[in-house]
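Asks: Right, I'll just put the structure down here and ask away after.
Residue numbers (full-length UniProt numbering): 1 to 1092.
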């Protein structure tokens, strides 16, 4: 039959063969079997993946099946002529690289019952024509890149039993017509971007047993009508935006096996009726807003394997009845408000693999019976109030990998039986009150990677097993009373990244072998009793960023080889017995930010090469024996902010003029040296300096001018040779003898007379000139009235149009007011409404018409979605005003002042609001050229529309940062938001906006201006204020995830509010922190659901 032509209905087997061969010729690649068997010389019925059947009493053959899953096909489906293959009933091209759209010609396959195109690269929309495949029973388009809406015509596929469009990019609503597919058993639309509510028509799918809608953007409640789907076994609605409560009728779905409602905004309590779902194996409700206690009826779910309720607001105690769910493998309840003790009945759950009760309010002790949980691999009780001893029976945990009891009140010793746990990967007992000796075999196995025992009271020797524990990645033993010789108790660790042994009683010398730990980034052995020298071998640690050896008895010199640690950013060798000089090679540490060699016996000159460490923020070399001049290259440390301390040495000579370049420095100590000469006038340029100590030197002459020296304490200048100045406690610089005064007077008199005459002549000539020019100028001004106008989307608006719309700026049109002007609502002649800000007449800039016009024209070019559009400006002899887009709702300040509006501004909206403002400021600072500083970021200048979306407004005080300008300016801003440095300097930088942004962020979090909170934190010694104490109580309480976001925001707030502008982050850094918060996710691995 190879070349016989058998015709049926006008379409021969030969023509079907030719259609397939043509398609093969268009493919970019195929698998070897398809490539070798699809030949014109053989019957297609013998080809790989092709099935034929006889038609019309075996008189002819037709192709019915194409089954080529994972066949290496790379090409387009549109090249296949479907009209030549009308007998096809089955197509499986899954797991290939088929790309391009699904062709509409597929509708010609009227006999098709099975179509599987999952795991390809299909794009475009799902064609309407697919609905013409009336016999289709299975359609799977999952794992492609399809877009657009699901066509409503899919409701015509009335014979279909399985419909899967999982993990595409399909958007829009779920068509209600899907409810017409009465035979449907599986509906999988998960992991798309579907929106809107779940159609109630889906309740008609009474044969449905699998229903997946998770991973979309669906909103609204879980429809109670879904309770009619009594055949449902798998229901996944997680990772959406669903609200409302869990319907109590869900207890009617008695065939349910897996129920996933995680990561929504579901409120209310867990309905007791869930206890009716006797077949349930998975109940996943985590990351919602569920409240109330755990229903005792959960104990009826005897088939349950996985119970995930973490990150809710569940209260009450753990029901003892959970202990009868004998099949339970994962019980995850962390990050709730659960209280009471751990019921001993949980020890009956002998199949348990993971038990996480962390971040609750659980008290009492760890049940002795927990030793029965021999299959347990993860046990986390972190951040509770658990007390008492750790039971010896926990040594039975032969399969334990992750044990975390951090931040509790555990006491007494760690049982020696812990040495029996050979599969441990992470052991975290930090921040407890544990004491006694550590088990010698704490690292008996070869799996231990993370060991955290910090902040306890462990004593005795370091466990001997740690020396050979080569699997270690992080080792934290700091804050204990451990003893022993570090060179004998610690070995070489090829995977170790962080080691902290700080604050123990360790002795011995630093082993040169530690240079063979190639991954080591942090080495902290401060506050011990270490002796000997610093081995040069430490320079072989290529990834070392932090080295702290302070407060020991280390002697010898600082090895020059330390200069090879080019990634080092923190080096602390203080409080030791080091001698010799500072190696010049330290100048190679270009990333060094913290250098402290204070309180040693170092001597010699300070190397000029230190000036190459331009990222230094702190430099302490005090209390040594350094001599010679302070090198001028120290002035290169323009980034130094926190401290420069050279006190208590033998330094002499003049102070370098280059010190003035350190404009970010806050604290400078030059005391107890032998400096001579005057304090350089350049010190007045150190605008951030708040503390200066120059006492006990040989300085003389007048103090420099500047804010610092006007408000200084006389104690800063005690015991010098002859300093003088207008400062209480210092002699005046003008107390010269009388004959000198007379001599000076005789010298100055002729100079004063000449200058006075010149000034008088200039004034007279100027008066005459102005008189002659006045009339033409006044005429020009009047004529120029029409030149000053507003540009906006309608073109040129006359000045008079604004004046007329506001009735010459009548107060009845005022919709807001601030320190720099009033805002009016103006309806123009064409009906458009704009906001007009009329600026007050101020001293700054009114005489600089050109600068104002240039800057305003730049501001009108701003185009960012979270910035109110500035349509234009008007500059006129009588008025100066700005014309903005009109935002309807009002300001953030007004919203927070209104209880109902503040309640509607929930934590999700507040988080988005902060992000929008951060994006706007980031745009101004980093995307505009030149950068733009707003200078008046306040809650009054953040406007909200009716959806509560935020817009930054009011550029009446904004300034362009010009690289060729000093950017000094008159004070601008609103009291309560102005950066503190503007009280003593007029230097405007982006960091002024960063400070104001921090104030606004805190105002959003607490619901009011934070002045009272900040005053309390400043004046009170009690800084133990919890997040919940300061949160705005008007919106619904945040979920645990939202609370973690708030904690991240507050960290950003206090970094923005630092006194030193240089210590504040940039808006780019703020935005990165805000939009990329750390989210706790449990998705793929039941055991890998925690990251330390």
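Beta carbons are placed, not taken as given, at the ideal position from N, Cα and C, and that holds for glycine.
Who are the Cβ neighbours of residue 864 in its own chain at under 7 Å, not counting the five residues just before and after it?
Replies: As a working note, residue 864 is residue 864 in the chain shown. Within the same chain, residue 864 has close Cβ partners 920, 923.
Asks: For residue 874, which beta-bridge partners are listed by DSSP?
Replies: As a first step, residue 874 must be located in the chain shown, where it is residue number 874. 881.
Asks: Going by beta-carbon coordinates alone, are residue 272 and residue 297 separated by less than 7 Å?
Replies: Locating residue 272 in the chain shown gives position 272, counting from the first residue. Locating residue 297 in the chain shown gives position 297, counting from the first residue. Going by C-beta atoms, residue 272 is nearer than 7 Å to residue 297.
Asks: Assess contact between the region 936-949 and the region 877-892, defined as three or more Cβ pairs (one per stretch) separated by less than 8 Å. Is contact present?
Replies: Segments in contact, yes.
Asks: I need the DSSP call for residue 721, collapsed to helix, strand or coil.
Replies: Position 721 of the chain shown, counting from 1, holds the residue named residue 721. In this structure, residue 721 counts as coil in the three-state DSSP scheme.
Asks: Taking only the alpha-carbon atoms, compute the straight-line gap between residue 7 and residue 35 and give it to the nearest angstrom.
Replies: For the purposes of this step, residue 7 is identified with residue 7 of the chain shown, where counting begins at 1. For the purposes of this step, residue 35 is identified with residue 35 of the chain shown, where counting begins at 1. With a pLDDT of 39 at residue 7, under the threshold of 50, the predicted position of this residue should be treated as unreliable, and no value is reported.
Asks: Using a 10 Å radius around the Cβ and a threshold of 16 neighbouring Cβ atoms, would you call residue 206 buried or exposed?
Replies: Stepping through the chain shown from its first residue, residue 206 is reached at position 206. Under this definition residue 206 is an exposed residue.
Asks: Using 7 Å as the threshold, is the C-beta distance between residue 163 and residue 187 below it?
Replies: Working through the chain shown from its first residue, we reach residue 163 at position 163. Working through the chain shown from its first residue, we reach residue 187 at position 187. In contact: residue 163 and residue 187 (Cβ atoms closer than 7 Å).
Asks: Can you list, in chain order, the residues of its chain with a C-beta nearer than 6 Å to that of residue 38? Leave out the 5 residues immediately preceding and following it.
Replies: Walking along the chain shown from the start, residue 38 turns up at place 38. Excluding sequence neighbours, residue 38 sits near 24, 47.
Asks: Once you ignore the five residues that flank residue 328 on each side, which residues in its own chain have a CB closer than 7 Å to its CB?
Replies: The residue labelled residue 328 in the question sits at position 328 within the chain shown. Closer than 7 Å at Cβ, skipping near neighbours: 304, 305, 307, 349, 351, 352.
Asks: Rounded to whole angstroms, what's the CA-CA distance from residue 801 to residue 141? Just pull it up for me.
Replies: Indexing the chain shown from 1 puts residue 801 at position 801. Indexing the chain shown from 1 puts residue 141 at position 141. About 60 Å.
Asks: Would you report the Cα separation of residue 454 and residue 990, rounded to the nearest angstrom?
Replies: Translated into the one-based positions of the chain shown, residue 454 becomes position 454. Translated into the one-based positions of the chain shown, residue 990 becomes position 990. Going from the Cα of residue 454 to the Cα of residue 990 covers about 40 Å.
Asks: Consult DSSP for residue 53 and reduce its assignment to one of helix, strand or coil.
Replies: Reading the chain shown from its first residue, position 53 is the one you call residue 53. Strand at residue 53.
Asks: Hey, how far is the Cα of residue 676 from the Cα of residue 1064?
Replies: Counted from its first residue, the chain shown places residue 676 at position 676. Counted from its first residue, the chain shown places residue 1064 at position 1064. Near 35 Å, if we compare the C-alpha coordinates of residue 1064 and residue 676.
Asks: Starting from the N-terminal side, write out each stretch of the beta strand (DSSP E) that is 3 residues or longer and does not extend beyond the region 355-436.
Replies: The region 355-436 contains these whole beta strand (DSSP E) runs: 361-363, 378-380, 402-404, 409-413, 426-428.
Asks: Is residue 709 helix, strand or coil when you go by DSSP?
Replies: Locating residue 709 in the chain shown gives position 709, counting from the first residue. Correct three-state label for residue 709: helix.
Asks: Among the candidates 547, 148, 134, 114, whose CA atom is the shortest distance from the CA of residue 124?
Replies: Reading the chain shown from its first residue, position 124 is the one you call residue 124. Measuring from the Cα of residue 124, the nearest candidate turns out to be 148.
Asks: For residue 551, collect the residues of the same chain with a Cβ closer than 6 Å to its Cβ; drop the 5 residues on either side in sequence, then sort them by chain order.
Replies: The residue labelled residue 551 in the question sits at position 551 within the chain shown. 526, 527, 575.
Asks: Closest to residue 996 by CA distance: which of 978, 1006, 1004, 1007 is it?
Replies: Counting from one through the chain shown, the residue named residue 996 turns up at place 996. It is 978.
Asks: Which of the three DSSP states, helix, strand or coil, is assigned to residue 98?
Replies: As a working note, residue 98 is residue 98 in the chain shown. In this structure, residue 98 counts as strand in the three-state DSSP scheme.
Asks: Straight-line CA distance for residue 428 to residue 449?
Replies: Here the question's residue 428 lines up with position 428 in the chain shown. Here the question's residue 449 lines up with position 449 in the chain shown. So the two alpha carbons sit approximately 11 Å from each other.
Asks: Nearest to residue 823 by CA position, among 804, 886, 866, 871, is which residue?
Replies: As a working note, residue 823 is residue 823 in the chain shown. Of the listed residues, the one whose Cα sits closest to residue 823 is 886.
Asks: Would you identify the three-state DSSP class for residue 138, choosing helix, strand or coil?
Replies: Taking the chain shown and counting its residues from 1, the one referred to as residue 138 is at position 138. If DSSP states are grouped into helix, strand and coil, residue 138 belongs with the strands.
Asks: Start and end of the alpha helix (DSSP H) containing residue 26?
Replies: Position 26 of the chain shown, counting from 1, holds the residue named residue 26. First-last of the alpha helix (DSSP H) with residue 26: 13-26.
Asks: From this set, 625, 638, 1003, which residue's C-alpha is nearest residue 614's C-alpha?
Replies: For the purposes of this step, residue 614 is taken as residue 614 along the chain shown, with counting starting at 1. Among 625, 638, 1003, the Cα nearest to that of residue 614 belongs to 638.
Asks: Since residue 534 and residue 566 are thought to touch, with beta carbons under 8 Å apart, how far apart are those beta carbons, to the nearest angstrom?
Replies: Taking the chain shown and counting its residues from 1, one reaches residue 534 at position 534. Taking the chain shown and counting its residues from 1, one reaches residue 566 at position 566. Wrong, their Cβ atoms sit about 18 Å apart, outside the cutoff.
Asks: In terms of alpha-carbon separation, which member of 702, 721, 682, 683 lies closest to residue 696?
Replies: The residue you call residue 696 lines up with position 696 of the chain shown. Ranking 702, 721, 682, 683 by Cα distance to residue 696 puts 721 first.
Asks: 7 Å is my cut-off, CB to CB: does residue 954 come that close to chain D?
Replies: As a matter of chain content, chain D is missing from the structure shown, which is built from one protein chain.
Asks: Can you find at least 3 beta carbon pairs, one from the region 245-259 and one from the region 185-201, that sit closer than 8 Å?
Replies: With a cut-off of 8 Å, the region 185-201 and the region 245-259 do not count as touching, because too few Cβ pairs lie within range.
Asks: Measuring alpha carbon to alpha carbon, tell me which of 53, 70, 663, 479 ends up nearest residue 29.
Replies: Reading the chain shown from its first residue, position 29 is the one you call residue 29. Minimum Cα distance to residue 29 is reached at 70.
Asks: Are there 16 or more other CB atoms within 10 angstroms of the CB of residue 869, so buried, or fewer, so exposed?
Replies: Here residue 869 refers to the residue found at position 869 when the chain shown is read from its first residue. The residue is buried, with at least 16 neighbouring Cβ atoms inside 10 Å.
Asks: Have a look at the DSSP bridge pairing and note the partners of residue 61.
Replies: Stepping through the chain shown from its first residue, residue 61 is reached at position 61. 54.
Asks: Whole angstroms are fine: how far does the CA of residue 279 sit from the CA of residue 60?
Replies: As a working note, residue 60 is residue 60 in the chain shown. As a working note, residue 279 is residue 279 in the chain shown. Their Cα atoms are separated by approximately 52 Å.
Asks: For residue 121, write down the residues that DSSP places opposite it in a beta bridge.
Replies: Start at 1 with the first residue of the chain shown, and residue 121 comes out as number 121. Paired residues: 99.
Asks: Exposed or buried, which one is residue 918 when buried takes at least 16 other CB atoms within 10 Å?
Replies: In the chain shown, residue 918 corresponds to position 918, counting from 1. Burial call: buried.
Asks: Who are the Cβ neighbours of residue 523 in its own chain at under 6 Å, not counting the five residues just before and after it?
Replies: Here residue 523 refers to the residue found at position 523 of the chain shown. Excluding residues within five positions, the ones whose Cβ falls inside 6 Å are 499, 547.
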